[in-house]
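Chains as they are written, first to last, in the numbering used here: chain Z, 1 to 266; chain V, 1 to 369; chain F, 1 to 379.
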C-alpha cells in the first residue's frame, strides 16, 4: 500500500507581507514554507505509515527550489519525493496544474490499496480546487475537508466537516482525500530523518517525461493554456482614517453611543 | 484534444446559479447569488436560472428563488440527491449543463460548493474561479469598482469596453492581493462566490409566482456513486450565525488575562445591540471560542452594520474577514494596533473597563430615543 | 575553508528553531517562575532523537556529530537556557564518556537506556570540598567481592533528581592522589543511592540540580567505567567535550538576548525616535553582534575538531570562556536597553541575565579555563 501526498511550497502569507510602491506584492518579503494544510496531509500519511508500514511518496509541482521542501518532508518520514518541474508548466491555473499532477501521479501509479492525499487549499491561491480536480482526472472518489480519517482494509471512513457539523463518509480505496488543520498536529523532522533524507530517492519529472501522457493536453497547460487568466491584480487600499476618541472613560463611551444614535446605527 | 464542447463559446447562453439545499431547505447564499445573477443576466441580456437538486418534493422550494429574480429554476429530484454526494451531484449537474449550455455558472463557496465546483469544472473542461467577492460583466462598472477599491491607475490603461467576459474578483495571498480572473476560451465560466458578500434583493411575490419550474431529464444510478454518506451530524450546541448578523462584537487575544470575563462582557454588549459574539483566529486556536465564531480569512467574512473589535490587534487575516463592515469600532490597549487603521471609531483603553461602560452608554442612548 | 554548514546541519538548525519557537518558548517563563522540569519537552526531544544524538545508531542514537549537538543546544538556549542545559549535560557528560570509555557490555546496556529508553543521564564529580580542585573528592568506593560499596556525596549535580544513569567519580585508592580516582556508572535504582537537597539557584530554574548521596551504595564491579585509577583523566576529557555544549548554551543565551533587544528597541520610541536609532545603542549592538559571531566560530571550531577526533582541549576552553563571558555581558547590556521593563518579569531579560551567570562557573570556572588555555601554550 502506498500514499501519495501532493504538497506545495508557498510564500508565508500569514507573516509580514510587504507591498511594493507600484502596488504589487513584494514576494521576496515572504518566507517560503510548506503549505500548512499539506503538512496535515503529510502527517496523516505518516501516521498510516507508522501503523501499517506503507510507503509515503510526496509530490510537488514547482520550480527547482521546491526539491528542498521535499527533502524536509522526507526528513519527517516520507520515503520518496517527486518534483514535477518544467518551464512549460509555469503559470498554470488549477485546471492545468491538476492535469499535470494527475499525469505525474498516474505515472507513479495508483493501485487498488492506495490513497492520494492533498491539503484542502494553499495559502497563496486559496482556491481548494486542485485536490478535487486531480480526483476527477484520475477518476477517484473524493472526500474533502477531512477532520478524521480511519482505514479498515479497503474502506476509508472520513469525518467530513460542514460549517455547522459534519458528515461521515465512506469510500473505497483508491480514493483522494483533502485534509484540514483539525485533522492532526504535524510532526517535526527528526535528527535521524535529517541524516537519512539526502539518501532517499528524489526524482524530477520534466516536460519530456510527462508530455505524452494521456492526461496531458498541451493546449491547456502553462500560462498560455490555462482556462482562467489573470485580468488584473491589485492590492486593496487602506481604508480612510477613522476617528480616535479621546480618553477611555464613561464620557468617551457616551460620546460614541451618541454618534451611533445620531447616525441611526442603533 | 481541446475540441472540448466547452470551447464552443457561442453555443452557451444564460446565467445559472447552483442552489444548495440541506435537509430540504435552501441556503441563504442561494438568494444572494440569484440576486447577483439577475444583475449579470440583465447586463448580458439573458435569463438567470437556478439549478436545484434534492430529494422528492424539493420542487416546492424552487418558486422562492423566483422571488429574488430567477426567471426559471431547473429542478432535479431523486432520492439519491436528497443528501449531498459528490458523484451524484457532479454527474447530474455536468450532464444537464452539457445539454443546456449556460454561459456562466455560480456556486456558493460553502464547504459543499467548494467540493462540488472543482469536480464539475474539471469534468466540463472549463475554468473555475474560487471564493469571488465581486463579479462584473460591464467594463464601465468594473472600472468604477477598481477606482473605489484599488490604487490602480485606471485611466492610464487601455480598456476594451465591449468585453463581455465575466470578471471575477477574489482575494489571494491570504487577502493581501486581489485578483480579477477571466475565463475567455471556455464555457460555462464558473465561479464560487463567498457567502454573505453579495446583496440579496428584496423578495417579490409576483416574481416568485411567475417563476418557471422545469425538470430536465437526467439519469443517475448506484453505479455512478462511489462514496457513501452514513450520517449527517449537526454540531451539538446552537451555532453562531455571524453571516446574517447586523451587529457583531468580537474578542481577540486582549481577553487572555480573563477569558471567561472577557467573553461575558462581549456577550452583554452583543445582547444590548441585538447581535452576536465573534472571535479572531487566536481565540479559536486557544480554544476560548468554537470555530463557528471565527471571523477572518479562514473563518467567516462578515459585513454587519456594526463590528466591534475588543482586544483584537487587526492582523491582515482578520481584517480580510470584517473590513467591509459598515461601521468598525475598535477597543485596544495599544494605540498602534493595526485595527485602528481601519476603524471608524477607536478607543485606546482597557476593554475590561471600556466594554461595560459602552454597553451602559448604548442602553441609555437607545432609551433616550 | 568552507564556513557554510552542511545541508544536514542546516536542516537540524531549522527543525530546532521551529521546535524551540513552538514548544519551548511558550513555557519558558513558566518553567523559570515555577522551577518546573520541562518533562514533556524532554520527552519530545528523545522522540526526535536529540537526546543522546551522538550515540551511534547501533546503540539507539543517530550517530550525529558534536557540531549537530552544539547547534541543538544553541537553538534551545535562545529561549530557555534550562532546557539547553539538560540536553548538554545528558549528551556531553553522560552519553559521551560511556560511549568513549565504556566496554561493549556497558555500551550495549546503558546507551540504549539513554536514547530509545528515554532515561536521562547525569555526571557527578563536584563535592562540597572539591570544586575547581576536583582531585580533592572524598567519595570512596571499596571493592567487596563482586561489587563496590560507595560512600559520600556529590553536589550541584545537573539532572540530579530526574536522571536514572550517573557517571560518578570516586576514590578507589586513597594513597594515589588523582591516580586513585575511578569512574563508575551508577543507576539511581542501586541500593544506597539517594537524592538529597534540590538546589535553589539564582537562575536555570528549569534545570533540576540536586545533591546525590551514596550510603553504602552497591555498585556492581562491572560498572567501573574505564580502568581503575583512570577516573580523573576520564573526568577531564569528558569536561573538554562538555564545555562545547556549555559554550553553545551561552552562545544561545547571548543570541536570544540580542534578538529580544533588537525587537524592543526598534519599537520603543523615546526622545522622538526609536531608541535603536541612537548611535550609543547601535555601538552596543555592534559589540554584541561581534561577540556572538566570534563565539559561534570558536564553538563550531571546537565541535568540528572533536568530531574529527583530534585534540581540542584548548579550543573548547576558549569557546566556553569566551561565550560565557559574552553571555553575561550581553544579557546585562540587553536588559539595560529595556530600562525599567527589563527589570520586570513581563520581559525575559532578567531571566536571561540570571541564567547567563552560571555559564561562567560550571564545567570549569572562567579561571580554570584560563589555566587550561595557558597550559596549552607552551609557557
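Yeah, the Cβ is synthetic: ideal placement off N, Cα and C, and Gly gets one too.
For residue i, name the three-state secondary structure that DSSP assigns.
i: residue 168 of chain V; result: strand
i: residue 46 of chain F; result: helix
i: residue 161 of chain F; result: coil
i: residue 137 of chain F; result: coil
i: residue 83 of chain Z; result: strand
i: residue 285 of chain F; result: helix
i: residue 185 of chain V; result: coil
i: residue 94 of chain F; result: helix
i: residue 223 of chain F; result: helix
i: residue 310 of chain V; result: strand
i: residue 211 of chain V; result: coil
i: residue 159 of chain Z; result: strand
i: residue 76 of chain F; result: helix
i: residue 120 of chain F; result: coil
Does any residue of chain Z bring its CB to less than 9 Å from the CB of residue i?
i: residue 382 of chain F; result: Since the first and last residues shown for chain F are 1 and 379, residue 382 of chain F lies out of range.
i: residue 307 of chain V; result: no
i: residue 48 of chain F; result: yes
i: residue 68 of chain F; result: yes
i: residue 141 of chain V; result: no
i: residue 323 of chain F; result: no
i: residue 185 of chain V; result: yes
i: residue 57 of chain F; result: yes
i: residue 49 of chain V; result: no
i: residue 18 of chain F; result: yes
Does any residue of chain F bring its CB to less than 9 Å from the CB of residue i?
i: residue 189 of chain Z; result: yes
i: residue 197 of chain Z; result: yes
i: residue 221 of chain Z; result: no
i: residue 75 of chain Z; result: yes
i: residue 192 of chain Z; result: yes
Alpha carbon to alpha carbon, how far is residue j from residue i? Give it in angstroms, no decimals.
i: residue 338 of chain V; j: residue 316 of chain F; result: 48 Å
i: residue 44 of chain V; j: residue 139 of chain V; result: 12 Å
i: residue 211 of chain V; j: residue 266 of chain Z; result: 37 Å
i: residue 211 of chain F; j: residue 117 of chain Z; result: 53 Å
i: residue 276 of chain F; j: residue 14 of chain F; result: 28 Å
i: residue 262 of chain V; j: residue 357 of chain V; result: 14 Å
i: residue 235 of chain V; j: residue 161 of chain Z; result: 10 Å
i: residue 300 of chain V; j: residue 191 of chain Z; result: 40 Å
i: residue 76 of chain F; j: residue 303 of chain F; result: 17 Å
i: residue 37 of chain V; j: residue 348 of chain V; result: 43 Å
i: residue 198 of chain V; j: residue 136 of chain V; result: 12 Å
i: residue 319 of chain V; j: residue 80 of chain F; result: 34 Å
i: residue 220 of chain Z; j: residue 62 of chain Z; result: 17 Å
i: residue 148 of chain F; j: residue 46 of chain F; result: 32 Å
i: residue 17 of chain V; j: residue 34 of chain V; result: 6 Å
Using 9 Å as the limit for Cβ to Cβ distance, is residue i near chain V?
i: residue 59 of chain Z; result: no
i: residue 239 of chain Z; result: Note on residue 239 of chain Z: pLDDT 49, under 50, position unreliable in the model; no value is reported.
i: residue 6 of chain Z; result: no
i: residue 143 of chain Z; result: yes
i: residue 101 of chain Z; result: no
Please list, in chain order, all residues of the same chain as residue i whose beta carbon is under 8 Å from its beta carbon, the five residues on each side excluded.
i: residue 128 of chain Z; result: 120, 121, 144, 178
i: residue 73 of chain V; result: 19, 49, 50, 51, 52, 62, 63, 65, 66, 211, 212, 213, 214
i: residue 118 of chain F; result: 43, 46, 51
Considering only residues of the same chain and omitting the five flanking positions on each side of residue i, which have a CB-CB separation below 7 Å?
i: residue 98 of chain Z; result: 130, 133, 134, 137
i: residue 31 of chain V; result: 68, 200
i: residue 84 of chain F; result: 73, 76, 77, 249, 252
i: residue 360 of chain F; result: 324, 325, 328, 366
In chain order, what residues of the same chain have a beta carbon less than 6 Å from the beta carbon of residue i, not counting five sequence neighbours either side?
i: residue 248 of chain F; result: 70, 73, 74, 299
i: residue 351 of chain V; result: 254, 310, 311, 331
i: residue 5 of chain Z; result: 41, 42, 45, 58, 117
i: residue 7 of chain F; result: none
Exercise. Please go through the region 173 to 200 of chain F and give each complete beta strand (DSSP E) segment of 3 or more residues, from N-terminal end onward.
Key: 181 to 187, 193 to 198
Quiz item: What residues from the region 85 to 96 of chain V come within 7 Å of chain C, judged by C-beta to C-beta, listed N to C?
Solution: Note that chain C does not occur in the displayed structure, where the protein chains are Z, V and F.
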